[in-house]
Ligand SMILES: C[S@@+](CC[C@H](N)C(=O)[O-])C[C@H]1O[C@@H](n2cnc3c(N)ncnc32)[C@H](O)[C@@H]1O
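In our numbering, the protein residues as written are 1 to 267.
Right, dumping it as structure tokens:
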């Protein structure tokens, strides 16, 4: 588990980052993050009539897929911009601005809680896991997906390799589970929150894109690259393109990513 960053600094950094990414997220990272949803639906046993809470709902595409699976869904996100985008894209779904550390719901309200690419951004995962346990009905399931091992992330690797080649990067503030995939870390955190039967598995998902632009735009927003000098930006773009050639065929891209899936249940 990562230690050393002040949780309040992580929270502020994450909220700023996702506010900045909100307008374009549906056309950038959603291209990979939507890939995990069918497996999460299966793992949580979500179907017609399931009451589901999605935490860190971003621009709402995951909530929409859960609704299409028959669930009644509420999305929460602490980024006001993400909530605005989600609500205008999917007016039939309820999205609320809230920190997952303090969920605005009664105890035992949901059959399942879904967190897609969120857990590794949490400043205080132990607090969020306790909240998830509180709002789950007995027997309810918590399911999540996060990036797998950092060295198995092709698009992220192409971008980070380029950043390291052209720019001195300070270590970014990140939460305790950023880049963490070990069962020895997840299991105690979930158990301390009274969540049981921790199951973890790795699956490969592909980020398919018709050009490199969605990938570049996503990382540009996420890393606040526009704040860098124009020449540095141009160099990083060029090297990201070079690093991505291995994943290109006929102008289209297919970036393989190892994704860690987790599941735990409330007794
Ligand atoms: C990488 S995005 C994932 C969005 C979406 N779930 C998906 O699968 O693409 C992470 C989202 O989690 C939200 N988030 C991070 N920490 C949060 C917290 N403590 N409470 C609520 N939302 C949080 C961010 O604002 C952001 O929208």
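Ideal Cβ placement from N, Cα and C applies to all residues, glycine included.
It should be emphasised that the depicted structure is a prediction, and the values quoted were computed from it without experimental measurement.
Quick one: using the 10 Å Cβ neighbour count with 16 as the cut-off for buried, is residue i buried or exposed?
i: residue 240; result: buried
i: residue 279; result: Residue coverage of the chain in this structure runs from 1 to 267, which leaves residue 279 outside it and unanswerable.
i: residue 138; result: exposed
i: residue 153; result: buried
i: residue 231; result: exposed
i: residue 88; result: exposed
i: residue 141; result: buried
i: residue 201; result: exposed
i: residue 282; result: This structure cannot settle anything about residue 282, because the visible part of the chain is limited to 1 through 267.
i: residue 107; result: exposed
i: residue 35; result: buried
Who are the Cβ neighbours of residue i in its own chain at under 6 Å, not counting the five residues just before and after it?
i: residue 272; result: Examination of residue 272 is not possible in this model, given that the chain is present from 1 through 267 alone.
i: residue 41; result: 69
i: residue 28; result: 214, 217 and 218
i: residue 150; result: 179
i: residue 37; result: 62 and 65
i: residue 270; result: A query on residue 270 cannot be resolved here, the shown segment of the chain reaching from 1 to 267 and no further.
The alpha helix (DSSP H) spanning residue i covers which residue range?
i: residue 203; result: Counting along the chain, residue 203 falls outside any alpha helix (DSSP H), though it belongs to the beta strand (DSSP E) covering 195–209.
i: residue 66; result: 61–68
i: residue 130; result: 125–135
i: residue 242; result: 230–244
i: residue 304; result: Residue 304 falls outside the range modelled here, since the chain spans only 1 to 267, and no answer is possible.
i: residue 159; result: 154–166
i: residue 41; result: 37–44
i: residue 189; result: 183–192
i: residue 176; result: That residue, residue 176, is in no alpha helix (DSSP H); it is neither H nor E in DSSP.
i: residue 180; result: Per DSSP, residue 180 belongs to no alpha helix (DSSP H) and is neither H nor E.
i: residue 214; result: 213–222
Could you check where the beta strand (DSSP E) with residue i kicks off and where it finishes?
i: residue 253; result: 252–266
i: residue 96; result: 94–97
i: residue 51; result: 51–55
i: residue 79; result: It is not in any beta strand (DSSP E) - residue 79 carries neither H nor E in the DSSP assignment.
i: residue 112; result: 110–116
Could you give the distance in angstroms between the alpha-carbon of residue i and the alpha-carbon of residue j?
i: residue 124; j: residue 7; result: 7 Å
i: residue 173; j: residue 180; result: 15 Å
i: residue 176; j: residue 220; result: 24 Å
i: residue 212; j: residue 250; result: 12 Å
i: residue 96; j: residue 164; result: 37 Å
i: residue 157; j: residue 228; result: 20 Å
i: residue 33; j: residue 117; result: 7 Å
i: residue 205; j: residue 12; result: 30 Å
i: residue 84; j: residue 187; result: 34 Å
i: residue 148; j: residue 160; result: 16 Å
i: residue 235; j: residue 23; result: 25 Å
i: residue 112; j: residue 18; result: 24 Å
i: residue 4; j: residue 121; result: 15 Å
Here's a check: name, in chain order, each residue in its chain whose Cβ is nearer than 7 Å to the Cβ of residue i, leaving out the five neighbours to either side.
i: residue 224; result: 20
i: residue 190; result: 129, 198 and 264
i: residue 15; result: 78 and 79
i: residue 99; result: 78
i: residue 247; result: 154, 253, 254 and 255
i: residue 169; result: 163
i: residue 243; result: 158, 161 and 162
Which residues in the same chain as residue i place their Cβ atom closer than 8 Å to its Cβ, once the five residues preceding and following it in sequence are excluded?
i: residue 39; result: 145, 203 and 261
i: residue 193; result: 126, 129, 130, 132 and 133
i: residue 308; result: Coverage of the chain is limited to positions 1 through 267, which leaves residue 308 absent and any answer about it impossible.
i: residue 86; result: 57, 58, 59, 60, 63, 75, 77, 93 and 95
i: residue 2; result: 174, 175, 176, 177, 178, 179 and 180
i: residue 268; result: Absent from the model: residue 268. The displayed extent of the chain is 1 to 267, so no value can be given.
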